[in-house]
């Protein structure tokens, strides 16, 4: 944090615009668009290389979809998913994979 803000009582979460140079205008973070592109790429890879299932035989109707409200709407309770590795074959069919749910079930 720059020295000009040391000892300041300004709350950055409020409506004070003294902190605005950190997120807008000519002093905006130059890497913000790069970071957004990297997050999109990481999420796309997770969705492509894994099938996602609910743990312990949960059904979709068992999920608590209650939201919290603030600057953004988020889930009140975390969403837990089980990643199942997925590697497409050369001809486009799905290859058999080891289940991560029960790693002891696999015997080479």
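Numbering (the working numbering), first residue to last: 76 to 183. The beta carbon of each residue, even a glycine, is placed where N, CA and C say it ideally should be.
Give the DSSP-derived three-state secondary structure of residue i in the structure shown.
| i | result |
| --- | --- |
| residue 158 | strand |
| residue 134 | coil |
| residue 108 | helix |
Could you tell me which residues DSSP pairs with residue i in its beta bridges?
| i | result |
| --- | --- |
| residue 149 | 143 |
| residue 125 | 160 |
Which residue from the options puts its Cα closest to that of residue i?
| i | options | result |
| --- | --- | --- |
| residue 162 | 125, 139, 115, 82 | 125 |
Are at least three pairs of beta-carbons, each pair with one atom in the region 140-160 and one in the region 118-132, less than 8 Å apart?
Contact between the region 140-160 and the region 118-132 is present: 3 or more CB-CB pairs across the two stretches fall below 8 Å.
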